[in-house]
Amino acid sequence: MTRYRTVLLCAGGSGFTYCMAALEDIIGQAAKSGRSLTKHVHVVWSLREPDMIESFGPGIEETIRVAQAHGITVTKKKMSGAIP
Numbered sequence: 001m002t003r004y005r006t007v008l009l010c011a012g013g014s015g016f017t018y019c020m021a022a023l024e025d026i027i028g029q030a031a032k033s034g035r036s037l038t039k040h041v042h043v044v045w046s047l048r049e050p051d052m053i054e055s056f057g058p059g060i061e062e063t064i065r066v067a068q069a070h071g072i073t074v075t076k077k078k079m080s081g082a083i084p
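The UniProt record's numbering puts the first residue of the sequence shown at 1, with every later residue one more than the last.
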């Protein structure tokens, strides 16, 4: 994924584990080489139960801080409400 300027990571529920690993890999490649072609990562994570975010919460924020330190912008948007 590090060959792309913008990356979109999408997951539902516990599938977010893969997205976290992919994001950490992108950051790791940037840290190793000192630069990264990837400049923007958009994360879409759909949850049935909003409480599920608590299992990843602190890790997500720390990962975003590390990404920013390497010049990578990570966008996330929190939405709530049921779909009929």
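Virtual Cβ for every residue (Gly too), placed ideally from N, Cα, C.
What are the residues that DSSP puts in a beta bridge with G12? Residue numbering aside, residue 12 sits at position 12 when the sequence shown is read from its first letter. Answer is S46, bridged to G12.
Return yes when the Cβ of K39 is within less than 9 Å of the Cβ of I60, no when it is not. Your numbering for residue 60 matches position 60 in the sequence shown. Your numbering for residue 39 matches position 39 in the sequence shown. K39 is positioned such that its CB atom lies no closer than 9 Å to that of I60.
Does the count of Cβ pairs from the segment 23-30 and the segment 44-54 closer than 8 Å reach three? The segment 23-30 is not in contact with the segment 44-54.
Helix, strand or coil for K32? Go by DSSP, reduced to three states. For the purposes of this step, residue 32 is taken as residue 32 along the sequence shown, with counting starting at 1. Here K32 sits in helix by DSSP.
Could you check whether L23 and T63 sit closer than 9 Å to each other, using their CB atoms as the reference points? Within the sequence shown, the letter at position 63 stands for residue 63. Within the sequence shown, the letter at position 23 stands for residue 23. Yes, Cβ-Cβ distance for T63 and L23 is below 9 Å.
Which residues does DSSP pair with K76 in a beta bridge? One-based indexing of the sequence shown puts residue 76 at position 76. BP columns for K76 point to V43.
Leaving out five residues on either side along the sequence, give the residues of the same chain with a beta carbon under 7 Å from the beta carbon of Y18. Residue 18 sits at position 18 when you count from the first residue of the sequence shown. Its chain contains A11 as the residues whose beta carbon lies nearer than 7 Å to that of Y18, once the 5 sequence neighbours on both sides are disregarded; these appear in chain order.
Buried versus exposed call for A69 [16 or more other C-beta atoms within 10 Å across all chains shown]: Taking the sequence shown and counting its residues from 1, one reaches residue 69 at position 69. Under this definition A69 is an exposed residue.
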